[in-house]
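Residue numbers (the working numbering): 4 to 113.
Put into structure tokens, the structure is as follows:
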């Protein structure tokens, strides 16, 4: 259901989103900015609430709840983008950057 929520929220599946950000094996959430995380969480939470409220049983009904929850988050994202005048979705990776080499050493006892 994650793919359905992501598609409705961001217009792409998690796999497509990872590709958009240039990620391979990395965790997508670790590379999302705050707004991306907020809308992702909103879509998941609303989907869960719809599923519980309607006591959705079976794949088709749960999938429908996931799409609807994602649509709520997608609409909120689009409204936010209008207000900000820029996209929420970013190619930025929050864990990438210059890698620091750490020296591993042992203190000698005197």
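By construction, the Cβ of each residue, glycine as well, lies at the ideal position given by its N, Cα and C atoms.
Just so you know, these numbers come straight off a predicted model, no measurement behind them.
- For residue 63, the enclosing alpha helix (DSSP H) has its first and last residue at 62-87.
- If you check the CB distance, residue 70 and residue 11 come in under 7 Å.
- Residue 4 and residue 65 have their alpha carbons spaced roughly 8 Å apart.
- Using a Cβ-Cβ distance cut-off of 8 Å, the region 46-62 and the region 20-35 are not in contact, since fewer than three pairs of beta carbons, one from each stretch, lie closer than that value.
- For residue 15, the secondary structure class from DSSP, reduced to helix, strand or coil, is coil.
- Straight across, the Cα-Cα distance linking residue 90 with residue 53 is about 27 Å.
- The residues 8, 12, 72, 73 and 76, in chain order, have a CB closer than 6 Å to that of residue 46 in the same chain once the five nearest residues on each side in sequence are set aside.
- In the DSSP assignment, residue 50 falls within the unbroken alpha helix (DSSP H) covering 37-56.
- Taking a C-beta distance under 7 Å as the contact criterion, residue 17 and residue 31 qualify as a contact pair.
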